[in-house]
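The sequence shown runs -2 to 181 under our numbering.
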Amino acid sequence: MSAVIHVIKLFCREFAWLTGSLLKITRYKLPNSTDRILFIYGTVAAITTCLEMICALVREDADALNDLLACCAAASPPQPPPLPPPLQLQAPASQTTYAANATLFDSVLLAASKWEVRRDMIVANDLIGCVIGRGGMKINEIRKASQATIWISNDGNAQHCSRLITIIGSPMAVDSAIGMIHAR
């Protein structure tokens, strides 16, 4: 059994290197099972690509997996991408880390860009002015640059000390908007 886990860990390292995602396998088995949990961290495109590679491995679709790995190995740069700490918020500049994979997995990136995601952020009332700007100029710039739909709650209750910002759009648009809001 340990040999199987070793082989899986080797594949996980290779998949992580090729897709720019971070994979972690839990040390302990689930209760009453021989299964373990696999966590995948990264951008939507990196996670989707990694899942496709794992599914190809699980299905034992060796031809598709070998073609995919050969294609990735031939075009990927030999440096591993930087991995962010789990709780750190980032600017969207990390998207450029995966530009080498954009040509390899353009169908995955295209599909990922069509998905619509929603993110909610809570911003303190004393900081919301920095995000909105005078007359809404800054938030309109963020909307235009990110191409995301952004709503800011207009709570008339003075007892709440924060405002809810809802961002809806493609994963790249939402990440871009979040990065611009954090930069303010």
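The C-beta atom is built at its ideal place from N, Cα and C for all residues, glycine as well.
message = Check whether the stretch 164 to 174 and the stretch 126 to 135 are in contact - that is, three or more C-beta pairs closer than 8 Å.
response = no
request  = Locate the beta strand (DSSP E) running through ASP32, then write down its first and last residues.
outcome  = Counting along the chain, ASP32 sits inside no beta strand (DSSP E), nor does DSSP assign it H or E at all.
ask   = What do you get for SER18, buried or exposed, if any count of 16 or more other CB atoms within 10 angstroms of its CB means buried?
value = With 16 or more Cβ atoms within 10 Å of its Cβ, SER18 is classed as buried.
message = Quick test of your reading: ARG160 and SER150, contact by CB under 8 Å. State the CB separation rounded to the nearest angstrom.
response = With a Cβ gap of about 5 Å, ARG160 and SER150 count as contacting.
query = GLY132 by DSSP, collapsed to three states: which one?
reply = DSSP places GLY132 in helix when its eight states are reduced to three.
task = Report yes if the C-beta distance between ILE178 and ILE119 is below 9 Å; otherwise report no.
result = no
Simplified DSSP assignment, three categories, for ARG10 = helix
query = With distances taken from CA atoms, which of ILE51, THR163, MET134 is nearest GLU113?
reply = THR163
ask   = Residue range of the beta strand (DSSP E) that ALA121 falls in?
value = 114 to 121
ask   = In chain order, what residues of the same chain have a beta carbon less than 6 Å from the beta carbon of ALA145, not counting five sequence neighbours either side?
value = ILE164, GLY166, ALA170, VAL171, ALA174
inquiry  = Using C-beta distances below 6 Å, list every residue in its chain close to LYS21, excluding the 5 sequence neighbours before and after it, in chain order.
reply    = PHE36
task = Ignore the nearest five residues each way along the sequence and tell me which others in LEU48's own chain have a CB closer than 8 Å to its CB.
result = The beta carbon of LEU48 sits closer than 8 Å to those of ILE37, all from its chain and outside the five residues before and after it, given in chain order.
ask   = Which of helix, strand or coil does DSSP assign to THR46?
value = helix
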